[in-house]
Amino acid sequence: MDRREFLKRAISLGVGAALGPGLLPPALAGTRSRVVVSVGKGRLDEEAVGVLLDRGIEALFGAKAKDVWPELVGPGDVVGLKVNCLAGRGMSTRKELVGAV
């Protein structure tokens, strides 16, 4: 990449960042993310984590998990999970969660 291309991209990025919020479709403007927290006590195995995951899905969608999951993923879908193992045991993705999904 030469200097001219770099400057074009840098300026485009700056202009895009400045104008970005105004370019959102009306349906997305002002929307906020929803966060749900499922807390369990006791064992931390795949079955228990699956129950917590289903509780979170139910809280997020307001319907039974067994009805929501088929709407999220179908039998032919491939689900990829971004697993982070670099942060150490306390902050890494738990294998029980991967198994539950």
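Read left to right, the sequence shown gives residues 18 to 118 (the numbering used here). All residues carry an ideal CB built from backbone N, CA and C; glycine is no exception. Bear in mind that the values here come from a model prediction, so they are computed numbers and not experimental data.
On the premise that residue 57 lies in contact with residue 70, defined as a C-beta separation below 8 Å, what is that separation, rounded to the nearest angstrom? The residue labelled residue 70 in the question sits at position 53 within the sequence shown. The residue labelled residue 57 in the question sits at position 40 within the sequence shown. 10 Å between Cβ atoms; not a contact.
Return the CA-CA distance between residue 79 and residue 21, expressed in angstroms with no decimal places. Counted from its first residue, the sequence shown places residue 79 at position 62. Counted from its first residue, the sequence shown places residue 21 at position 4. One C-alpha to the other measures close to 52 Å.
Nearest-angstrom Cα separation, counted from residue 27 out to residue 61: Reading the sequence shown from its first residue, position 44 is the one you call residue 61. Reading the sequence shown from its first residue, position 10 is the one you call residue 27. If you draw a straight line from the Cα of residue 61 to the Cα of residue 27, it comes to about 47 Å.
Just curious, the alpha helix (DSSP H) that residue 72 is in, first and last residue? Residue 72 sits at position 55 when you count from the first residue of the sequence shown. Going by DSSP, residue 72 is part of the alpha helix (DSSP H) stretching over 63-78.
How would you write the range of the alpha helix (DSSP H) that residue 114 sits in, first residue to last? In the sequence shown, residue 114 corresponds to position 97, counting from 1. Residue 114 -> alpha helix (DSSP H) spans 112-117.
Spell out whether any CB of chain D is found under 8 Å from the CB atom of residue 62. Considering every chain present, this structure includes no chain D. It has just one protein chain.
Rounded straight-line distance, which links the Cα of residue 48 to that of residue 113: Position 96 of the sequence shown holds residue 113. Position 31 of the sequence shown holds residue 48. Taking the straight line from one Cα to the other gives about 32 Å.
What number of angstroms, rounded off, separates the C-alpha of residue 86 from the C-alpha of residue 105? Taking the first residue of the sequence shown as position 1, residue 86 is located at position 69. Taking the first residue of the sequence shown as position 1, residue 105 is located at position 88. So the two alpha carbons sit approximately 30 Å from each other.
Taking residue 73 as the reference, which of 89, 90 and 52 has the closest Cα? Within the sequence shown, the letter at position 56 stands for residue 73. The option with the nearest alpha carbon to residue 73 is 52.
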